[in-house]
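S.K.:
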Amino acid sequence: MVVFWKDILKAGAIVLAIALLNLVGFIEYSRIDLTENGAHSLTPGFVQLLEDDLDHNMYIRVYLSGNDFPAQVENLRRNVEDKLIEFNHLSSGKVKYEFIDPEEDPELAEDLKIELEKAGLSEKSYSVLIKNKPVDIPFWPGAIIDYGLDKTSAIQFVTGGMESVDPFTLNLASDQLEYKFLQTFRKLTRDAYPKVGFLQGHGELPENSTISIRGHLKEYYDVEYFSLKDSAGRVLFNPKTDSTGKTSFRALKDYKSIVIAQPKSSFSNGEKFIIDQFIMNGGKVAWLVDALDMREDSLFMTGQSFALPYELNISDMLFNYGARLNNDLVLSSNCGPIWDFRKNQPAEWNFYVLARNSNRDPVASNLNPVKMKYASSVEPVGDTSIRKRILLESSQESRVFKSPARVALAYIDPAYRPKYIGNGVEKRPLAVMLEGRFKSFFRNSLDPAYKDSIVLKKESVPNKMLVIGDGDIIENRIHPKKVNKVKIEETDVLSPDHEVIVSAPNPIPMYDNIDFFKNAFDDLMEEDNLISLRGREFKQRPLNEKIVSNENSRNTLKFINVALPILILLIFGSIQYVVRKRKFAKP
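Take 32 as the starting number for the sequence shown in this note's numbering and just add one per residue.
(1) What would DSSP say about E135, mapped onto helix, strand or coil?
(2) Apart from the five residues just before and just after N351, which ones in its own chain have a Cβ nearer than 6 Å to its Cβ?
(3) Can D359 and K433 be called in contact, C-beta distance under 7 Å?
(4) Please report the distance separating the alpha-carbon of F100 from that of I168.
(5) Tell me whether A50 sits in a helix, a strand or coil according to DSSP, three-state version.
(6) Assuming K303 is part of the alpha helix (DSSP H), what are its boundary residues?
(7) Report yes or no: do three or more beta-carbon pairs, one from the region 518-528 and one from the region 490-509, lie closer than 8 Å?
(8) Excluding five sequence neighbours on each side, which residues of the same chain lie with their C-beta closer than 7 Å to the C-beta of A292?
(9) When we look at the beta-carbon of A406 and count the other beta-carbons within 10 Å, is it buried (16 or more) or exposed?
(10) Closer than 8 Å is the cut-off here; do at least three beta carbon pairs connect the region 387-396 with the region 430-445?
(11) If you follow the beta strand (DSSP E) that E255 is part of, which residue opens it and which one closes it?
(12) Could you say if the region 218-227 and the region 194-210 meet the contact criterion of at least three C-beta pairs nearer than 8 Å?
(13) In three-state DSSP terms, what is T183?
(14) Look at the alpha carbon of D546 and the alpha carbon of L398, and state the distance between them as a whole number of angstroms.
(15) Is the Cβ-Cβ distance between L356 and A338 less than 7 Å?
(16) How about C366: is its C-beta nearer than 7 Å to some C-beta of chain C?
(17) Name the one or two DSSP bridge partners that M496 has.
(18) With a CB to CB cut of under 6 Å and the five nearest residues on each side skipped, what residues in its chain are close to S258?
(19) Along the chain, where does the beta strand (DSSP E) that runs through K164 open and close?
(20) I'd like the span of the beta strand (DSSP E) that includes D347, first residue to last.
(21) Quick check on A619: buried or exposed, where buried means 16 or more other Cβ atoms within 10 Å of its Cβ?
(22) Check whether the region 363-373 touches the region 410-430, taking contact to mean three or more Cβ pairs, one atom from each stretch, closer than 8 Å.
(23) A441 by DSSP, collapsed to three states: which one?
(24) Compute the Euclidean distance between the alpha carbons of N344 and V93, then round it to the nearest angstrom.
(25) Compute the Euclidean distance between the alpha carbons of D181 and L115, then round it to the nearest angstrom.
(26) Does the distance from the C-beta atom of Q335 to that of A439 stay below 7 Å?
(27) Per DSSP, which one or two residues make a beta bridge with E146?
(28) My output table needs one value for N390: the three-state DSSP class, helix, strand or coil.
(29) What span of residues does the alpha helix (DSSP H) with Q231 cover, start to end?
(30) Do three or more CB pairs link the region 485-494 to the region 463-471 at distances below 8 Å?
(31) Just to confirm, are T220 and D84 a CB contact at a threshold of 7 Å?
(32) Where does D64 fall in DSSP's three states?
(33) Which two residues bound the contiguous beta strand (DSSP E) that contains Q214?
(34) Less than 7 Å between C-beta atoms, sequence neighbours within five positions excluded: which residues of the same chain meet that for D261?
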């Protein structure tokens with residue numbers, strides 16, 4: 032009888048403990064992340080944003096909803112919901128959400144889909160086998176977020192130009208959920224945007240050629256064009272004299288960062304001085320520079336062209352900061368296509384380098400290749416106190432043509448293509464991020480006559496600088512059907528992500544030039560929360576395809592996962608029953 036009551040008390044204690052745990056879980060939301068890389072834990076910066084920086088309610092309408100989703104799509108939907116539950120908890124209820132099935136009301140479905148596309152979302156599909164026939168299951172992997180009274184933004188969980196997606200793409204989308212939500216929340220909650228200037232005056236990319244990238248940057252920054260010269264060609268120093276009689280130059284004082292994209296003419300010493308002191312005072316610079324002038328129109332007209340150096344007068348300045356822009360053209364066996372007019376078909380063109388990052392740098396991780404046309408190598412050099420991170424590089428099978436570089440259409444023919452064997456064949460750095468305290472280019476060269484009258488800062492505050500050996504990495508093209516429009520808008524251009532050659536007449540995105548530059552620019556602007564998220568490594572552990580594809584192996588796995596645990600419980604239960612029966616049996 033005593034044993035009976037002991038068992039009753041034990042059972043009651045267990046039930047009470049479970050009830051208390053459920054009550055605590057209901058009152059106080061919490062979870063434990065057991066992953067080795069904290070994959071399910073929000074970054075401290077995101078937690079702070081949710082807890083402290085939301086001045087208004089945020090409403091999130093998720094359109095990833097429907098019946099009978101494939102397991103992989105359902106997994107993405109569940110991961111989105113998990114994130115939203117956590118956002119709601121950390122924001123004390125300010126983040127509210129709902130899941131909407133676009134197909135729920137057939138009469139409104141088409142109109143809703145049109146509205147979603149206008150907002151920036153795109154429909155995807157996932158192929159499954161039904162009765163041994165492939166069937167595409169459509170779904171909308173995106174959400175629309177409203178913040179306050181007048182701020183709205185769309186977030187697309189699954190990106191890329193292809194409508195049909197595979198399991199890897201869906202897994203990657205799940206991994207990047209926090210990054211994409213943080214990007215969007217940051218945009219919606221920011222009251223003042225840092226000012227970014229695109230330099231003009233040296234033949235840089237015109238406004239119509241940067242519509243696409245500026246459209247993306249404008250979501251997070253205040254972007255405009257500017258010049259360092261007036262209409263007469265005089266440098267705008269914008270001087271200011273202090274109480275001691277010394278003059279400082281504030282031509283760039285309103286900008287946090289400037290972009291110098293594909294300059295073609297020389298910088299004067301006055302302009303270099305303004306840029307140098309801008310850097311010394313914490314200003315960020317993104318240099319997108321072609322070292323060689325490669326005329327593709329001449330190539331197509333005559334069959335060959337010689338790439339000669341631009342006289343930019345900035346190589347010495349970049350070398351001083353820690354990067355040497357070499358007078359060469361990089362060729363790679365991993366390359367994009369050019370049109371072969373002789374055969375009327377695309378052909379490999381080694382000068383269209385498809386660049387990647389092999390160092391798992393967060394700026395370029397999980398990206399498609401970045402297309403770089405007639406790019407030059409960027410070599411880290413100089414001061415060891417300056418950290419140099421290679422963001423993009425060519426493939427292992429790469430080489431360079433030094434200036435004057437002869438480029439001939441004959442290289443389209445495999446028999447005449449440059450060989451990628453022997454000495455000099457190796458990966459070439461194409462984009463470098465410099466970090467540290469930069470030394471002023473003018474620290475030892477300022478005219479003594481100005482020593483006592485000009486404020487010269489000889490070393491920068493901790494700073495960053497981006498150097499890319501390709502001036503048109505961000506250049507967009509006007510859509511062939513829109514070239515005659517008087518005013519070109521963002522919807523009229525093809526971003527640098529599009530490949531026209533192999534997908535005409537409907538170009539599709541194949542590269543990640545835009546995302547790479549956005550990531551690099553966020554890094555340059557020291558958006559550390561975003562970059563730390565991009566640097567987080569997610570390890571997928573898929574099942575062995577050979578085992579899963581075998582019928583007997585699949586049945587074995589099903590038995591191990593479903594029947595075996597039950598069988599083990601039955602065995603232990605039977606053993607315990609026999610032991611107890613013998614223990615308490617009457618003599």
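Glycine included, C-beta positions come from ideal geometry on N, C-alpha and C.
M.R.: Working from what's here:
(1) coil
(2) F472
(3) yes
(4) 7 Å
(5) helix
(6) N300 to M311
(7) yes
(8) F229, E235, L236, T241, L319, G502 and I505
(9) buried
(10) no
(11) D253 to S258
(12) no
(13) strand
(14) 8 Å
(15) no
(16) Structure shown: chain C not included; a single protein chain is present.
(17) V316 and L465
(18) Q231 and G232
(19) K164 to F170
(20) Note, D347: premise wrong, no beta strand (DSSP E); alpha helix (DSSP H) at S346 to Y352.
(21) Residue numbering for the chain in the displayed model covers 32 to 618; residue 619 lies beyond these limits and cannot be assessed.
(22) yes
(23) helix
(24) 52 Å
(25) 22 Å
(26) yes
(27) According to DSSP, E146 bridges with nothing at all.
(28) coil
(29) That residue, Q231, is in no alpha helix (DSSP H); its beta strand (DSSP E) goes K226 to Q231.
(30) yes
(31) yes
(32) Its pLDDT being 49, under 50, D64 is placed unreliably by the model, and the measurement read from it follows with that caveat. In the structure shown, D64 sits in coil (DSSP, three-state: anything other than H, G, I, E or B).
(33) Careful: Q214 lies outside any beta strand (DSSP E), inside the alpha helix (DSSP H) at L208 to T220.
(34) L267
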